[in-house]
Each structure stands twice: as C-alpha cells, then as structure tokens.
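Participant:
2 protein chains.
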Amino acid sequence: MAPLAATATLFPCKCSIGREPDASLPLKPNKNMVKINGNSATRVEVATAVASMTPPIGMRGVDEELAVLPKSFRQNIPTKKQTTDSYRQGVLILGGVGYRQTVVIRSYEVGADKTATLDTFLNLFQETALNHVWMSGLLGDGFGATHGMIKNNLIWVVSRMQVQVDSYPIWGEVVEIDTWVGASGKNGMRRDWLIQSQRTGHIFARATSTWVMMNQNTRRLSKMPEEVRAEISPWFIDKKAIKEDVTDKIIKLNDAATYINSGLKPKRSDLDMNNHVNNVKYVGWMLETIPESFLETHQLSSIVLEYRRECGSSDVVESRCEPDENPKPEGESVDLFGGYPLAPQILEGHGILGPFHAWPLSYTHLLQIKGETKNEEIVRGRTTWRKKFSIIPFSS
Amino acid sequence: MAPLAATATLFPCKCSIGREPDASLPLKPNKNMVKINGNSATRVEVATAVASMTPPIGMRGVDEELAVLPKSFRQNIPTKKQTTDSYRQGVLILGGVGYRQTVVIRSYEVGADKTATLDTFLNLFQETALNHVWMSGLLGDGFGATHGMIKNNLIWVVSRMQVQVDSYPIWGEVVEIDTWVGASGKNGMRRDWLIQSQRTGHIFARATSTWVMMNQNTRRLSKMPEEVRAEISPWFIDKKAIKEDVTDKIIKLNDAATYINSGLKPKRSDLDMNNHVNNVKYVGWMLETIPESFLETHQLSSIVLEYRRECGSSDVVESRCEPDENPKPEGESVDLFGGYPLAPQILEGHGILGPFHAWPLSYTHLLQIKGETKNEEIVRGRTTWRKKFSIIPFSS
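Protein chains in written order, with this note's numbering: chain A, 1 to 396; chain B, 1 to 396.
Pasting the structure below:
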C-alpha cells in the first residue's frame, strides 16, 4: 500500500510568527508569507506532551472513571486510512485523496436572518480539515500534524486564507463540504474547500488557504522534510476552489484609520485547545469594527486574511478598519427576482429597500497587539460586501 | 392516527418577561415562574410574518436564485410525524414520543482542555429540542411553536433551566442526546435532556427546563388552549432526567456582591434569529464574572437558571456574582485513579496539583439590565463546581 498521508491544518494553530525575518531561510512560497521569530513555546510544548500520551483506540473505559480529569486527547484516532466515517457523515472523494462531509446547518449556527454565519463557515472549514487528516490515518497529536511532523517537532502554521461567499445556507439546509490539499511552492501546502447544497449542488462558498511548517522549539519556519513530503505529497492534487486567487498584498493601516476598536481582550471562551485566540475570534474583531448600520444592511461576499503573529490569552488587541474610497461602482444593480435585475434607483431610492446610505463595499483591516514600545501585527484583512435585501413583513 | 404533537422549546425565545405581575392570571406551575409585562413585540411580529411565508417543501429551487435575499425560513419542515432523520442522525425513542440525536463533539466545540464546553451542551440542547419538534410534524414557525400555538398567537418562554454535569465528553466523542417532554403544572411543559456516551452509555450530563406560553401581542402569559393541549399532551411522559430537582429559590444579589462586571453589551454575533441575546451568552456573562484563577482550576458541575426578562440588542447588562461562604467540605478527596481516592493533603498541598487557593465551590449569580431609574433582572443563577486535575506534561 502506498504511504498514507495526513494533510493537516487547523486554524487555531496560527502560532508565533512575525517579527524577526531570518534571511538564511529560503522559504518563500508566497510573497506575503509569514516570517520567523524566536519566541519560546511553552503552550505548544504542553500540547505535544499531551499528544504523546494519546492512548490507542479502545482505552476509553479507563478514562470513563476519571470524571475529574480533563480528557486531553481526541478519541478513536485511526492508524490506517479510512474511506468512510459514518458518525461524521464523512467520505473520501476525488479518487480517495479529498474529503467530503455532509452537515446540517444547526439552529445556533445561524444569525438573526436565519442564514449560516461566516463564523460557521470558518468553524466547519477547521472541522473538516481535521477530519480529513483523521481519515488519512496519520493524525498524530490531534492538531493536524502527521507522525513525520511530530517526529521532526513540526507544526502547521497558516499564512493566508481566502473565502468567497456566493450565498449563505439557511437553517436546516443540508450542505456538503469538500476539502483537499495541494502543493504551495516547494515547502508549503494549499488547502481548499467548497460548501455546496446537498440537494441542488449550488455552491455557497469557496475557500483556499496556505500553510507552512514551523519548528515548535526554535519557532522558525522549516523546509518540508523528505519524510513528511513522502507522507503528504500522495494526497496533493492540482485543483483550485477559487479560480482567480487574489494575491495583491494588503496594505498596513496606520493610526489614521477611519474606524478603530481598542482594548480588545480575549476571553477564556475565545481560546481554543491550543490556548491561542481562535481564528474565528480574529474575524469577529475585524468585522465588529465596521459600523453597525453597514453590517445590518450588507452581507460579506469575500474575505482575505494574511496572518503575521499569534495572539495569546493576555494580549490586548486593537482592530483598525478603513473603507475603500469609491462608494460603489456606477450603475450597479442587484439581481433579486430570478434573473430580472432591478434598476439601482428602485433599489436605492425610496423603493423596496427604502432610503439608505451609500456605503463603500470593501474594507481593509488590521489587528495588532498594542505593546508598550511598539505594536505587533496579528493579521491583515480585506473584506468585500454586497447589499442585503430586507423582507418587509406582511401582517398575517 | 392520534393527533400529532409538537413539543416546542427553544432557548433563544426567552422573550419579554418580568416586571408587572398580573394578579388575574392563575398560572403558577412553579413558584419562581416568570411574570408578565406589557411590552410591544415588534421583533416577534416580524418573525411571525416571515413564518407565515414559509413555503412548502420543494420550493428551494426558486430560493436558489435569490442569493441576496435572506432565506428566512427553515428548510424542509415536515407536515407529518417522522420517525428518523438520517442527515441529523435523529430517531424517535421512548415509544415514539422522545427524540435521540447522535452527534460527534467537534474541534471547535471544545475548550483549551479539549473537552466540550458548557456552551456546547446548551447549544446542543436547543438544537435537539427544535429537531424533536421538527420530527413531530407540527413545527410551524421554526421557533418551536406548534400550528395551534401560531393560530393562537402564542410563543414558548423558558422560565427555568437546570443542568448537572458528571463529566465533559472529549473532542471526537460520539454522544447521544435524548430529549423528551412532560407536563409542568396545568399550563406548563417540562423538557428534559440526557447526554450519554454512544459507546459506553456513560451519562455525561442531565438537564431539565420549564416552559410556559406567552401571547406575543399582549406579552402576557397564557393558559394552554385546549387546541394546543390536544397537540402536545400525547407527547408528554412522566420521566425525569434529574431525580432530585433543586427548587430552592435563588436569592437576589444586591450591589454588595463580591464580583461585579458592568457595561456588558451584546454584540451582533450574540443575537440569535429571534434578535434576542442568546441564552448561551447569558451563561457566558455569568461565568466570566468568577475570578479567572478559579475558572482555570475548576469545572462546572451544575447550574440552575431562573429567567425573568429578555435582553435586547441595545441593553447594557451588569453581572453580579457572590461565592458561598463555606470554602469546601471537610476531608474532601478527589477520585482520580479508578476508584482510589487520594488524600486531600496530596492533592492540595505541594503534591500533584501544586499549591492552590481554597476556593468556595458554589456561587450565586445575577444578570440585570442597568436602567436610568431602576435595574431589571434578566436571570438569576446558581453554579456549583469541582476541582480540575491538571496534567503535568512529560517531555517527549
């Protein structure tokens, strides 16, 4: 049998990146790629130690007795490739190298408009990526690293993430989430996702991300060891969820940004099992900096994130946001009624949408840690938006 | 065939309760029962209007075209009783009146210790309750109300909730969540839950809740109309998840409370599809008021919540918290190693747990809206806790 491969990834493990660039390191799969620093890594060390205690499948009975113990390992990690996972409704696709999971959008995964939130998408991306690795039989520490990576003290760090949303599935919708991986430069990995309607095949959202390996002791980016390449490269395919990947570098916002939220502090519940602030929280901080009245009338159509540095539980974060100058393209119309575009003046005047402010439809974002002497970037972002249509209620 | 019944419930719909008691209303299923007020109900009216637009199953195709439209109805609501739901892995149990759903604990549903959070339990309680009603064939507006309730302009409001946690399932654990309903007094309904290991049957958590009906126009509590009783009473069974229900009234904390968090403001993402602050957020605000160092070393073993009033998106909330006076029972020991209790001095001295503060193990809570002239109670709570065992990492 060919070597089994794990294709790792997880959002929470953004880990310490940024600060001191290391010129000796040739790793440049992407010009926006993360840089390197020399932080210590207490938290990750703890995680690894716990991982090394992972028991074989079937040891659950003992564990049952220890109600007071945190059960610090994922249950039932297979040591061989699995083709189906009935409990998670997962199955290998794309000739056995991709993963598809069927999920129903739950009542608490939707917002006030009863459609899935962006948070839900990001959560499901993380979940399906980890389940993909789980199916591969090579999941070691539960955070997406392969056995070869663990042997080499390597962890995955995400450097870039892009999501395009066509529409948001509603509460109760059955969706299929496909995910697969490919090469990114010489030492990186790309992971893509598609979210589609199980019934109609309509694609709700597409996403792509770039990952590199970091030595968890030195906190430096690492080349991909041959041992790890042998594990994961059999899973690589040349297939892109997003055809035209946006690669323009996101500008760094300065303190003249139009909207600034300061003093943002992670709460206990914002920390994931890596004890880092979860990626979903980052996006929340970014989007909450946009004015409320805009968020009420618009929905996100795309987001690009460039990760620079992790955010720990004691950091105080500032979120900056700058709208684009051009409020909206000329003659824009919205396709509301099955292919019949309405003229902008109907939509935007005193017509069915009522009068509203002409907001810009794209924003640049920056999250940074406010330090005493200098600030440190966590993540830069770009978002684009489209107008929401408001249903005017009938009296029943 | 016997009349089909829906058994409603949902946490988000705590709705406007409290303030002006109405002496004319004989409804007293519980001495801590919610009171009545005369608020207007714009949000709920909108919800109902949307509900009245709910299309029959199979109209999805049209909807697919309207990417910009919020899809404001739950998909595929059955009009007849269903016995299985393959996508949600749900099945009717207890002779066809209870509901069981099998779920896998996801990577983003666990905390830093890789076990499911209390939030996850509360979310799954809401989800399974709504899916239970969905299976009944009587779900009307998607918020848990039956057709008879909608006809009578009635919605469910929760007055009380109690959760007991024996232990928390780990990431990847397959759990079965059972839920069923029963009578509570003459006009109320009880809904219970059990969360158990699919593999071993070990019961992780038990919960019970009490619900009453409110007229959404008058905002007054309502008797259960005969029409609604005929729908739901065939689903009632006399089975209790928690044998000894705690019924002691929770005292109201005054401004001398030891811990107070003020200025808490709901964010957009804290609002559910009812445009109310979600119940899970309430619990978050309560627990975050307990000191961090306590939360790091303890896990919640039970919570009781008494709901008084809804919290809207513009309210500013204060969370008060008071520890019990008695720090801990004498001679307490913790059963860590499969039935071999360790002496307290080993656990609490400089032994495996290291030195730590002797914290009280129960707390009283209050969430209230800070008004200009007076405060209004949202919810009172009681929590009990047990010590966590900390794994000291080995170097690998």
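Here a beta-carbon is modelled for each residue, glycine too, at the ideal position from N, C-alpha and C.
Which residue from A:R386, A:N123, A:V379, A:M214 puts its Cα closest to that of R160 of chain A?
Facilitator: Here residue 160 of chain A corresponds to residue number 160 of the first sequence, with the count starting at 1. Measuring from the Cα of R160 of chain A, the nearest candidate turns out to be A:V379.
Participant: Going by beta-carbon coordinates alone, are A230 of chain A and V165 of chain A separated by less than 8 angstroms?
Facilitator: For the purposes of this step, residue 230 of chain A is taken as residue 230 along the first sequence, with counting starting at 1. For the purposes of this step, residue 165 of chain A is taken as residue 165 along the first sequence, with counting starting at 1. Remark: C-beta atoms of A230 of chain A and V165 of chain A do not approach each other more closely than 8 angstroms.
Participant: Per DSSP, what are the beta-bridge partners of V316 of chain B in this structure?
Facilitator: On the second sequence, residue 316 of chain B is found 316 positions in, with the first residue counted as 1. None; V316 of chain B has no bridge partner.
Participant: How would you label M53 of chain A, buried or exposed, when you count the other beta carbons within 10 angstroms and need 16 or more for buried?
Facilitator: The residue labelled residue 53 of chain A in the question sits at position 53 within the first sequence. Low local confidence applies: a pLDDT of 27 at M53 of chain A is under 50, so the model's placement there is unreliable, with the coordinate-based value given in what follows. Exposed, because fewer than 16 other Cβ atoms sit within 10 Å of the Cβ of M53 of chain A.
Participant: For the segment 161-182 of chain B, which residues have a beta carbon sitting closer than 7 angstroms to at least one beta carbon of chain A?
Facilitator: D166, S167, I170, W171, G172, E173, V174
Participant: Is the beta carbon of W285 of chain B sitting closer than 8 angstroms to the one on L264 of chain B?
Facilitator: As a position in the second sequence, residue 285 of chain B is number 285, starting the count at 1. As a position in the second sequence, residue 264 of chain B is number 264, starting the count at 1. Cβ atoms of W285 of chain B and L264 of chain B: closer than 8 angstroms.
Participant: My assumption, with CB atoms under 8 angstroms, is that L319 of chain A sits in contact with N261 of chain A. Please give the rounded CB distance.
Facilitator: On the first sequence, position 319 is the one that residue 319 of chain A refers to. On the first sequence, position 261 is the one that residue 261 of chain A refers to. Contrary to the premise, residue 319 of chain A reads as Ser rather than Leu in this sequence. Correct: roughly 4 angstroms between the Cβ atoms.
Participant: Please report how far the alpha carbon of E176 of chain B lies from the alpha carbon of P323 of chain A, in whole angstroms.
Facilitator: If you number the second sequence from 1, residue 176 of chain B lands on position 176. If you number the first sequence from 1, residue 323 of chain A lands on position 323. In a straight line, the C-alpha of E176 of chain B is about 47 angstroms away from that of P323 of chain A.
Participant: Quick one, which of B:G137, B:Y282, B:T117 has its alpha-carbon nearest D315 of chain B's?
Facilitator: The count along the second sequence starts at 1 and reaches residue 315 of chain B at position 315. Here the closest residue by C-alpha is B:Y282.
Participant: Hey, would you say the C-beta of F121 of chain B is under 7 angstroms away from at least one heavy atom of the ligand FAD?
Facilitator: In the structure shown, the ligand FAD is absent, as is every other ligand, since no ligand is present at all.
Participant: Using the rule of at least 16 other Cβ atoms within 10 Å of the residue's Cβ for burial, across every protein chain shown, is N278 of chain A buried or exposed?
Facilitator: Start at 1 with the first residue of the first sequence, and residue 278 of chain A comes out as number 278. Classification for N278 of chain A: buried.
Participant: From this set, A:T179, A:V280, A:V157, A:G371, which residue's C-alpha is nearest M135 of chain A's C-alpha?
Facilitator: Within the first sequence, the letter at position 135 stands for residue 135 of chain A. Comparing Cα positions, the closest option is A:T179.
Participant: The alpha helix (DSSP H) with S136 of chain A in it runs from where to where?
Facilitator: In the first sequence, the residue the question calls residue 136 of chain A occupies position 136. Looking at the DSSP string, the run of the alpha helix (DSSP H) that includes S136 of chain A is 118-136.
Participant: Under DSSP, the beta strand (DSSP E) around M224 of chain A begins and ends at which residues?
Facilitator: Numbered from 1 along the first sequence, position 224 holds the residue referred to as residue 224 of chain A. Looking at the DSSP string, M224 of chain A is not in any beta strand (DSSP E), and its letter there is neither H nor E.
Participant: Quick one: what's got a C-beta closer than 6 angstroms to S313 of chain A's C-beta in the same chain, skipping five residues either side?
Facilitator: The count along the first sequence starts at 1 and reaches residue 313 of chain A at position 313. The answer, listed in chain order, is P266, L271.
Participant: Go ahead and pull the three-state DSSP assignment for W211 of chain B.
Facilitator: In the second sequence, counting from the first residue as 1, residue 211 of chain B sits at position 211. Correct three-state label for W211 of chain B: strand.
Participant: Could you give the C-beta distance for T120 of chain B and E109 of chain B, rounded to a whole number, given that I count them as a contact under 8 angstroms?
Facilitator: Against the second sequence, residue 120 of chain B aligns to sequence position 120. Against the second sequence, residue 109 of chain B aligns to sequence position 109. Here T120 of chain B really is in contact with E109 of chain B; their C-beta atoms are around 4 angstroms apart, less than 8 angstroms.
Participant: Are the C-beta of D192 of chain B and some C-beta of chain D separated by less than 8 angstroms?
Facilitator: Here the protein chains are A and B, and chain D is not one of them.
Participant: For M189 of chain B and W211 of chain B, which I take to be in contact (beta-carbon distance under 8 angstroms), what is that distance rounded to the nearest angstrom?
Facilitator: Translated into the one-based positions of the second sequence, residue 189 of chain B becomes position 189. Translated into the one-based positions of the second sequence, residue 211 of chain B becomes position 211. About 5 angstroms; that satisfies the 8 angstroms criterion.
Participant: Whole beta strand (DSSP E) runs in the segment 68-115 of chain B with 3 or more residues, listed along the chain?
Facilitator: For the segment 68-115 of chain B, the full-length beta strand (DSSP E) segments reaching 3 residues or more read 90-93, 98-104 along the chain.
Participant: Could you tell me whether any Cβ in chain A is nearer than 8 angstroms to the Cβ of N152 of chain B?
Facilitator: If you number the second sequence from 1, residue 152 of chain B lands on position 152. Answer no: the Cβ-Cβ gap between N152 of chain B and chain A never drops below 8 angstroms.
Participant: Using a cut-off of 8 angstroms between C-beta atoms, extract the partners of Y108 of chain B located in chain A.
Facilitator: Residue mapping note: residue 108 of chain B aligns to position 108 of the second sequence, counting from 1. Within chain A, the residues near Y108 of chain B are N123, Q126, E127, D272, N278, V280.
Participant: Is the Cβ of G354 of chain B closer than 8 angstroms to any Cβ of chain A?
Facilitator: By 1-based counting over the second sequence, the position of residue 354 of chain B is 354. Residue placement at G354 of chain B is flagged as unreliable, the pLDDT there being 44, under the threshold of 50; a coordinate-derived value is accordingly withheld.
Participant: Quick one: which unbroken beta strand (DSSP E) runs of 3-plus residues sit fully inside the segment 237-266 of chain B? Chain order, please.
Facilitator: 259-264
Participant: Please identify the residue among B:N275, B:Y259, B:Y307, B:V280 whose C-alpha is closest to the C-alpha of F294 of chain B.
Facilitator: Locating residue 294 of chain B in the second sequence gives position 294, where the first residue counts as 1. Of the candidates B:N275, B:Y259, B:Y307, B:V280, the one whose C-alpha sits nearest the C-alpha of F294 of chain B is B:Y259.
Participant: Does T383 of chain A come within less than 8 angstroms of chain B when only Cβ atoms are used?
Facilitator: Within the first sequence, residue 383 of chain A is the residue found at index 383, counting from 1. No, its Cβ sits nowhere closer than 8 angstroms to a Cβ of chain B.
Participant: Check F143 of chain B in the structure and name its three-state DSSP category.
Facilitator: Along the second sequence, one-based indexing puts residue 143 of chain B at 143. F143 of chain B falls in the coil class under three-state DSSP.
Participant: Would you mind working out which of A:L305, A:T208, A:I250 sits nearest D238 of chain A, comparing C-alpha positions?
Facilitator: Against the first sequence, residue 238 of chain A aligns to sequence position 238. Ranking A:L305, A:T208, A:I250 by Cα distance to D238 of chain A puts A:T208 first.
Participant: Taking just the CA atoms, how far does H276 of chain A sit from L361 of chain A?
Facilitator: Within the first sequence, the letter at position 361 stands for residue 361 of chain A. Within the first sequence, the letter at position 276 stands for residue 276 of chain A. Taking the straight line from one Cα to the other gives about 31 angstroms.
Participant: Do S107 of chain B and E127 of chain A have their C-beta atoms closer together than 8 angstroms?
Facilitator: As a first step, residue 107 of chain B must be located in the second sequence, where it is residue number 107. As a first step, residue 127 of chain A must be located in the first sequence, where it is residue number 127. The answer is yes: Cβ separation under 8 angstroms.
Participant: Spell out whether any CB of chain B is found under 8 angstroms from the CB atom of R268 of chain A.
Facilitator: Your numbering for residue 268 of chain A matches position 268 in the first sequence. Yes, R268 of chain A counts as interfacial toward chain B.
Participant: By Cβ distance below 8 angstroms, which residues in the same chain neighbour R122 of chain B in space, the five residues on each side in sequence not counted?
Facilitator: As a working note, residue 122 of chain B is residue 122 in the second sequence. The question names Arg, but residue 122 of chain B in the sequence shown is Leu. F11, V163, N279, V280, V283.
Participant: For K265 of chain B and chain A, any beta-carbon pair shorter than 8 angstroms?
Facilitator: Numbered from 1 along the second sequence, position 265 holds the residue referred to as residue 265 of chain B. At a cut-off of 8 angstroms between beta carbons, K265 of chain B makes no contact with chain A.
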